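S.K.:
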Amino acid sequence: MSQTRYRRRFNQRTKALILTIILAVLMLVIYTFGILISEEAVSTDVLNAKQPPSWGHLFGTDNLGRDLLMRTVKGLSVSMTVGIVASCISAVIAILIGIVAAMGSKFMDGIINWIIDLMMGIPHTVFIILISFSLGRGLKGLLVGIAATHWTSLARLIRGEVLQLRSQHYIAVSRRLGKSSEWILIHHLLPHLAPQLIVGLVLMFPHAILHEASISFLGYGLAPEQPAIGIILAESMRYLSSGMWWMAVFPGLLLVLIVLLIDRLGENLRTVIDPYSAQE
Amino acid sequence: MTEIVKQVFIHIIRAISLLFAVSVISFTLVSASPVDPVQQYIMGIGPVSEEQRIEIEAYWGIDKPPAERYFNWLSALLHGNFGTSLLYRRPVIEIISERFQNSLALMMCAWLLSGIIGFSLGCIMGMNRDKWADKVISKLCYLLSSVPTFWLGLVFLMIFAVILGWFPVGFSTPIGMRSSEVTLWQRLHHLVLPAFTLSLMSFSNIALHTRQKMIDVMNSEYVLFARARGESRWTLFCRHALRNTVLPAITLQFASFAELFGGSVLAENVFSYPGLGSAVSAAGLNSDVPLLLGITLFSTLFVCVGNMIANLLYGVVDPKMREVDR
Numbered sequence: 021m022s023q024t025r026y027r028r029r030f031n032q033r034t035k036a037l038i039l040t041i042i043l044a045v046l047m048l049v050i051y052t053f054g055i056l057i058s059e060e061a062v063s064t065d066v067l068n069a070k071q072p073p074s075w076g077h078l079f080g081t082d083n084l085g086r087d088l089l090m091r092t093v094k095g096l097s098v099s100m101t102v103g104i105v106a107s108c109i110s111a112v113i114a115i116l117i118g119i120v121a122a123m124g125s126k127f128m129d130g131i132i133n134w135i136i137d138l139m140m141g142i143p144h145t146v147f148i149i150l151i152s153f154s155l156g157r158g159l160k161g162l163l164v165g166i167a168a169t170h171w172t173s174l175a176r177l178i179r180g181e182v183l184q185l186r187s188q189h190y191i192a193v194s195r196r197l198g199k200s201s202e203w204i205l206i207h208h209l210l211p212h213l214a215p216q217l218i219v220g221l222v223l224m225f226p227h228a229i230l231h232e233a234s235i236s237f238l239g240y241g242l243a244p245e246q247p248a249i250g251i252i253l254a255e256s257m258r259y260l261s262s263g264m265w266w267m268a269v270f271p272g273l274l275l276v277l278i279v280l281l282i283d284r285l286g287e288n289l290r291t292v293i294d295p296y297s298a299q300e
Numbered sequence: 440m441t442e443i444v445k446q447v448f449i450h451i452i453r454a455i456s457l458l459f460a461v462s463v464i465s466f467t468l469v470s471a472s473p474v475d476p477v478q479q480y481i482m483g484i485g486p487v488s489e490e491q492r493i494e495i496e497a498y499w500g501i502d503k504p505p506a507e508r509y510f511n512w513l514s515a516l517l518h519g520n521f522g523t524s525l526l527y528r529r530p531v532i533e534i535i536s537e538r539f540q541n542s543l544a545l546m547m548c549a550w551l552l553s554g555i556i557g558f559s560l561g562c563i564m565g566m567n568r569d570k571w572a573d574k575v576i577s578k579l580c581y582l583l584s585s586v587p588t589f590w591l592g593l594v595f596l597m598i599f600a601v602i603l604g605w606f607p608v609g610f611s612t613p614i615g616m617r618s619s620e621v622t623l624w625q626r627l628h629h630l631v632l633p634a635f636t637l638s639l640m641s642f643s644n645i646a647l648h649t650r651q652k653m654i655d656v657m658n659s660e661y662v663l664f665a666r667a668r669g670e671s672r673w674t675l676f677c678r679h680a681l682r683n684t685v686l687p688a689i690t691l692q693f694a695s696f697a698e699l700f701g702g703s704v705l706a707e708n709v710f711s712y713p714g715l716g717s718a719v720s721a722a723g724l725n726s727d728v729p730l731l732l733g734i735t736l737f738s739t740l741f742v743c744v745g746n747m748i749a750n751l752l753y754g755v756v757d758p759k760m761r762e763v764d765r
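Protein chains in written order, with my numbering: chain S, 21 to 300; chain C, 440 to 765.
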């Protein structure tokens with residue numbers, strides 16, 4: 021009885037909306053918490069170095085006595101910043117390129133397809149290493165590298181969508197009524213593309229975070245004294261054989277958890293703003 | 440037959456244009472780097488006199504415009520001269536060919552493993568759609584695509600190499616042994632963990648793809664007819680489902696060479712495996728420009744070959760193409 025009432029009151033979409041809000045708030049809380057962690061909380065404390073997990077230090081401490089939980093959460097907020105900025109940049113590239121490819125001439129479309137092929141032809145990790153090397157390592161190289169490698173799939177999606185929209189009757193009618201291409205773009209195409217773009221952006225976000233972690237792990241990206249998951253994991257490599265398992269396990273687990281949550285957030289958001297998938 | 444020749448020809452032209460573009464892009468990126476190659480080179484060989492310095496600068500062509508430097512580099516490249524690695528003090532082409540053998544062993548093992556595991560799991564999921572096996576395995580596949588491979592490698596290294604001691608902690612051969620003395624068994628022993636880690640990265644993709652294909656096949660009318668004729672699930676699987684899903688899966692596997700190479704960079708770093716992946720990250724960190732450029736071009740070639748095979752296989756999979764031949 022209570023089950024059916026529950027079902028009736030909350031349909032698929034409402035449930036997704038509630039979940040989306042909860043997840044978004046949770047992300048925001050973790051993010052602000054990470055930003056607010058002071059330098060003292062992650063300062064070195066040699067007396068407490070290499071402590072296994074305990075109630076005082078839930079994740080244990082690292083080789084210099086820094087609290088790993090604090091370092092990890094702080095690192096996560098750095099990763100999230102990188103993820104947000106890189107995803108936004110690549111989303112902008114994707115929408116520009118997608119629209120140009122689909123609106124313009126066949127020639128432009130060919131060139132853009134060739135560029136996309138080119139981007140997919142170089143292994144992403146190698147390409148990010150090259151870009152990072154070119155920009156002199158650090159945050160800038162990381163951002164540009166991730167943005168430059170992530171726009172391709174979204175651009176393809178948008179291109180396909182625009183091509184499909186262009187053959188719709190109402191667009192043809194609009195054109196016959198004498199509306200300019202810009203007018204059609206702003207009033208007909210963009211409103212249609214917005215949901216795709218937002219969902220694509222959110223789903224790109226976990227990928228960007230995973231890439232950030234792996235590139236920092238390789239030693240590009242952020243400077244070694246900065247808190248970042250990749251750097252903590254790279255440091256943990258040196259202490260694996262001395263049995264400091266907590267240094268590798270917990271930061272990674274937290275990273276996986278965040279990635280899963282953001283992924284879930286994206287899927288729910290899709291249900292909320294895309295009416296087709298809400299009925300599946 | 441002419442159709443296939445034409446296809447191959449088009450793909451080769453395309454691959455050459457891509458390789459050329461990659462060479463321009465990577466050369467531009469490396470030239471824009473704030474790292475001074477002459478300074479790096481001098482730091483590598485120790486103090487030099489002013490005359491030697493000028494000589495080295497002339498060798499690198501610092502005084503020339505970038506376009507001329509690029510064409511000099513390209514013509515050397517086409518003559519098979521990739522330059523000398525600053526890090527290893529040996530010709531780049533030698534390092535690439537030596538390390539590629541190691542990487543190829545690793546990547547092929549991982550590639551086969553992920554193909555076999557992924558395809559079998561996909562079959563199990565597709566044949567048992569919406570039963571518990573399907574639900575559990577597809578959850579697992581989604582989970583795996585959210586886990587960073589290098590972290591998984593670290594955890595495996597810790598559990599199986601450090602705590603249990605079943606596998607060695609790194610490298611491709613036992614430390615302190617001459618390469619001629621290493622047995623095949625020892626090499627395989629060192630290969631197990633990295634290859635398994637690398638295969639985990641890509642098998643969820645192939646499993647989910649195979650699952651979808653299998654469900655499409657099982658919902659088709661010819662399977663319904665076969666079922667009506669009284670075929671058992673096993674014969675249905677062998678006669679219809681398997682044949683229709685195995686080629687698309689192989690094609691997808693060939694198209695995933697880029698991710699395979701990208702993943703091998705991380706896996707080789709975790710396991711200190713001496714392959715191309717660990718060389719490229721070391722080259723970038725130590726500003727070894729010739730090696731970095733060489734490996735970038737080589738990895739692009741590797742991916743191009745994979746994509747070419749995949750595209751040609753699409754032709755084989757699609758019966759319409761075969762009709763044209765006859």
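Note that the Cβ used here is the ideal one computed from N, Cα and C, for glycine as well. From a predicted model like this one, the values you see are computed outputs, not experimental measurements.
#1: Short of 7 Å in beta carbon distance, which residues of its chain neighbour C/Tyr753, apart from the five on each side in sequence? Order them along the chain.
#2: Out of C/Ala694, C/Leu686, C/Arg668 and C/Val656, which one is the CA nearest neighbour of C/His679?
#3: For S/Ile151 versus S/Gly161, is the C-beta distance shorter than 9 Å?
#4: For S/Trp171, decide whether its Cβ has a neighbour in chain C, counting only Cβ atoms nearer than 9 Å.
#5: Buried or exposed: where does S/Gly198 fall if 16 or more other Cβ atoms within 10 Å of its Cβ makes it buried?
#6: Do we get a CB-CB distance below 9 Å when we pair S/Phe127 with the residues of chain C?
#7: Would C/Ala769 pass as an interface residue toward chain S - the criterion being a Cβ-Cβ separation below 9 Å?
#8: Please say whether C/Phe521 and C/Pro713 have beta carbons closer to each other than 9 Å?
#9: Straight-line CA distance for S/Arg86 to S/Ile229?
#10: With DSSP as the reference, identify every bridge partner of C/Pro530, one or two as the case may be.
#11: Look at the Cβ atom of C/Ala688, then the Cβ atom of C/Cys548, and state whether they are nearer than 9 Å.
#12: Would you be able to state if there are at least three C-beta pairs under 8 Å between the segment 259-266 of chain S and the segment 207-222 of chain S?
#13: Tell me which residues share the same chain as C/Leu748 and place their Cβ nearer than 7 Å to its Cβ, disregarding the 5 neighbours each side in the sequence.
#14: Determine which residues of the segment 226-248 of chain S have a Cβ less than 8 Å from any Cβ of chain C, and write them out in chain order.
#15: Can you give me the start and stop residues for the alpha helix (DSSP H) that S/Lys199 sits inside?
#16: Taking only three categories from DSSP, how would you classify C/Asp655?
#17: In the segment 725-756 of chain C, which residues sit with their C-beta less than 8 Å from some C-beta in chain S, listed in chain order?
#18: For C/Asp727, name the three-state secondary structure that DSSP assigns.
#19: Is the number of C-beta pairs between the segment 699-717 of chain C and the segment 635-649 of chain C that are closer than 8 Å three or more?
#20: What do you get for S/Thr34, buried or exposed, if any count of 16 or more other CB atoms within 10 angstroms of its CB means buried?
#21: Listing by chain order, which chain C residues have their CB less than 9 Å from the CB of S/Ala268?
#22: Would S/Pro72 pass as an interface residue toward chain C - the criterion being a Cβ-Cβ separation below 9 Å?
#23: Is DSSP giving S/Asp87 helix, strand or coil here?
#24: Where are the alpha helix (DSSP H) runs, 4 residues long or more, that stay fully inside the segment 120-207 of chain S, in chain order?
#25: Just tell me which of C/Leu627, C/Leu591 and C/Pro587 has its CA closest to the CA of C/Phe606.
#26: Please report the straight-line C-alpha distance between S/Gly261 and C/Arg568, rounded to a whole angstrom.
#27: With a threshold of 9 Å between beta carbons, is S/Val93 in contact with chain C?
#28: Nearest to S/Gly54 by alpha carbon, out of S/Asp82, S/Ile42 and S/Leu96?
#29: Note down, in chain order, all residues in the segment 440-464 of chain C with a beta-carbon under 7 Å from any beta-carbon belonging to chain S.
#30: In terms of residues, what are the limits of the alpha helix (DSSP H) holding C/Leu603?
#31: Please find out if some non-hydrogen atom of the ligand PLP comes closer than 8 Å to the beta-carbon of C/Val601.
#32: Rounding to the nearest angstrom, what Cα-Cα distance links C/Leu579 and C/Lys570 in this structure?
#33: Can you pull the DSSP bridge partners for S/Thr291?
#34: In or out: S/Val49 buried (at least 16 other Cβ within 10 Å) or exposed?
#35: Shortest alpha-carbon distance to C/Ile556 belongs to which of C/Phe595, C/Ile455 and C/Asn644?
M.R.: The structure says:
#1: Contacts found: Thr690.
#2: For the residues C/Ala694, C/Leu686, C/Arg668 and C/Val656, the minimum Cα distance to C/His679 belongs to C/Val656.
#3: Yes; because the gap between Cβ atoms is below 9 Å, this pair is in contact.
#4: It does not: the Cβ of S/Trp171 has no partner Cβ on chain C nearer than 9 Å.
#5: S/Gly198 counts as exposed, since fewer than 16 other C-beta atoms from the protein chains shown sit within 10 angstroms of its C-beta.
#6: For S/Phe127, the answer is no, since every Cβ of chain C falls outside 9 Å of its Cβ.
#7: Nothing can be reported for residue 769 of chain C, as the shown portion of chain C is limited to 440 through 765.
#8: The Cβ atoms of C/Pro713 and C/Phe521 lie no closer than 9 Å to each other.
#9: Their backbone Cα atoms lie some 23 Å apart in a straight line.
#10: Answer is C/Thr523.
#11: At a Cβ-Cβ threshold of 9 Å, C/Ala688 and C/Cys548 do not count as neighbours.
#12: Contact between the segment 207-222 of chain S and the segment 259-266 of chain S is not established, with fewer than three Cβ pairs separated by less than 8 Å.
#13: At residue 748 of chain C the sequence reads Ile, which differs from the Leu that was named. In the same chain as C/Ile748, and ignoring 5 residues on each side of it, the C-beta atoms closer than 7 Å to its own belong to Phe693, in chain order.
#14: Residues of the segment 226-248 of chain S whose Cβ lies closer than 8 Å to any Cβ of chain C, in chain order: Pro226, Leu230, Ala233, Ser234, Phe237, Leu238, Gly239 and Tyr240.
#15: Here S/Lys199 belongs to no alpha helix (DSSP H), and DSSP marks it neither H nor E.
#16: It is helical.
#17: Of all residues in the segment 725-756 of chain C, Ser726, Leu731, Ile734, Thr735, Ser738, Thr739, Val742, Cys743 and Asn746 have a Cβ within less than 8 Å of some Cβ in chain S.
#18: In the structure shown, C/Asp727 adopts coil according to DSSP, grouped into three states.
#19: With the cut-off at 8 Å, the segment 699-717 of chain C and the segment 635-649 of chain C touch.
#20: By the 10 Å Cβ count, S/Thr34 comes out exposed.
#21: The contacting residues are Trp590, Leu593, Val594, Leu596 and Met597.
#22: No, S/Pro72 does not count as interfacial toward chain C.
#23: The DSSP-derived three-state label of S/Asp87 is strand.
#24: As far as the segment 120-207 of chain S is concerned, its whole alpha helix (DSSP H) runs of at least 4 residues are 126-141, 144-154, 159-186, 189-196 and 201-204.
#25: It is C/Leu627.
#26: At residue 261 of chain S the sequence reads Ser, which differs from the Gly that was named. Roughly 43 Å separates the two Cα atoms.
#27: Not an interface residue.
#28: Of S/Asp82, S/Ile42 and S/Leu96, the residue nearest in Cα terms is S/Leu96.
#29: Result list: Leu457, Ala460 and Val461.
#30: Element bounds for C/Leu603: n/a, residue is neither H nor E.
#31: The ligand PLP is not among the ligands present in this structure, which contains no ligands whatsoever.
#32: For C/Leu579 and C/Lys570, the gap between their C-alpha atoms comes out near 14 Å.
#33: Paired residue(s): none; S/Thr291 is not in a bridge.
#34: Per the 10 Å Cβ criterion, exposed.
#35: It is C/Asn644.
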